[in-house]
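Take a look at the structure set out below.
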Amino acid sequence: MATDYVFIRKSRNTLSNILHVAMNILLGVGTIFIGVVSGSWIIGFILVLVSKWRMFAVRPRYLLLNLKSNLVDLIVGFSFVLLAYFSGAELLPVHYLLAVGYTFWLIIIKPKTSESWTRFQALTAIFLGTCAASILCASTNAIVLVLLEFVIGYGAARHILVQNNNSLYDGFPAFAFALVFSEIALLAHSWLIVYTFINFGIMVPQLALILVVVAFLAEKLYSNTESRDGTINPREIALPTLFSIIVLAVIIIGFSEPIFNI
132 MATDYVFIRK SRNTLSNILH VAMNILLGVG TIFIGVVSGS WIIGFILVLV
182 SKWRMFAVRP RYLLLNLKSN LVDLIVGFSF VLLAYFSGAE LLPVHYLLAV
232 GYTFWLIIIK PKTSESWTRF QALTAIFLGT CAASILCAST NAIVLVLLEF
282 VIGYGAARHI LVQNNNSLYD GFPAFAFALV FSEIALLAHS WLIVYTFINF
332 GIMVPQLALI LVVVAFLAEK LYSNTESRDG TINPREIALP TLFSIIVLAV
382 IIIGFSEPIF NI
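Residue numbers (my numbering): 132 to 393.
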């Protein structure tokens, strides 16, 4: 009987895992291509929200906390939907790339909880979120981009701090990081540069690359400071700082003549 029970449990777990993967594949593919078919981003947004139904299945007082805890996943999901929508109603290679990317996020990247994967999740949200926000806000008031980047910066910073059980986290570091993002977005709004690859339908805003590098360096500096009780070890942060400065210089100086300038 015990053997039968173990077998049944394993069978149920296997079936549950298969169904979980299948549902994620349907979500990843469906949210991208349904926007192409319908010509709207609304249905894609609804699918992303429906997939997060557990976030809403709590008492009202816990809803804000759940929203903040799921902010990175929501940013990534909404960004995939918007990027697919912005790519047009005609099927392009970028749509297939986005479908594969979102599916990979849902099945492989999102469930990971290690420190390195947490960083990668946050940087992914920054890159995709800024790509979508920059294209969305190209012809709007700068305040829209500033607000969106505040949310993106706050969500990414909080994700790293909370997931890594940072002992000093009290909300202030994430808000400070979000303000830095907002300031950079305000400065960049008057000169939004987007690199396009027409044959594939891919658009990459310069601001997204800049903020990813800034976030990478900020996380290295903060982690080094927090682990050493408020002091910085120059030897440990010298290489990441030099690398980040060089990359930023190359992006800003060497690639500020865009193929397509919003």
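Backbone N, C-alpha and C fix where the C-beta goes; we use that ideal spot for every residue, glycine too.
Q. In its own chain, which residues sit with a C-beta less than 6 Å from the C-beta of A309, not counting the 5 before and 5 after it?
A. Excluding residues up to 5 positions away in sequence, F281, G284, Y285 lie with their Cβ nearer than 6 Å to the Cβ of A309 in the same chain.
Q: Classify Y136 as helix, strand or coil using the three-state DSSP reduction.
A: Per-residue confidence for Y136 stands at a pLDDT of 44, beneath the threshold of 50, marking its modelled position as unreliable; the derived number appears in the next sentence. Here Y136 sits in helix by DSSP.
Q. Based on Cα-Cα distance, which residue from L278, Y353, L348 lies nearest to L317?
A. L278
Q) For I163, which of helix, strand or coil comes out of DSSP? A) helix
Q.
Quick check: the Cα distance between L259 and N364, rounded to an integer number of angstroms?
A. 32 Å
**Q.** Rounded C-alpha distance that separates Y326 from P336
**A.** 6 Å
Q: Would you decide whether A380 is buried or exposed? Buried here means 16 or more other CB atoms lie within 10 Å of its CB.
A: exposed
Q: Report, in whole angstroms, the separation of the C-beta atoms of H236 and V207, which I expect to be a contact under 8 Å.
A: The residue you asked about is not His; residue 236 is Trp in the sequence shown. Contact between W236 and V207 holds: CB atoms are separated by about 6 Å, below the 8 Å threshold.
Q: Can you have a look at M154 and say buried or exposed, based on whether 16 or more other CB atoms are within 10 angstroms of its CB?
A: exposed
Q) How about L254 and A287: are their beta carbons less than 9 Å apart? A) yes
Q) Within the chosen definition, does the stretch 223-236 reach the stretch 190-197 through at least 3 CB pairs nearer than 8 Å? A) no
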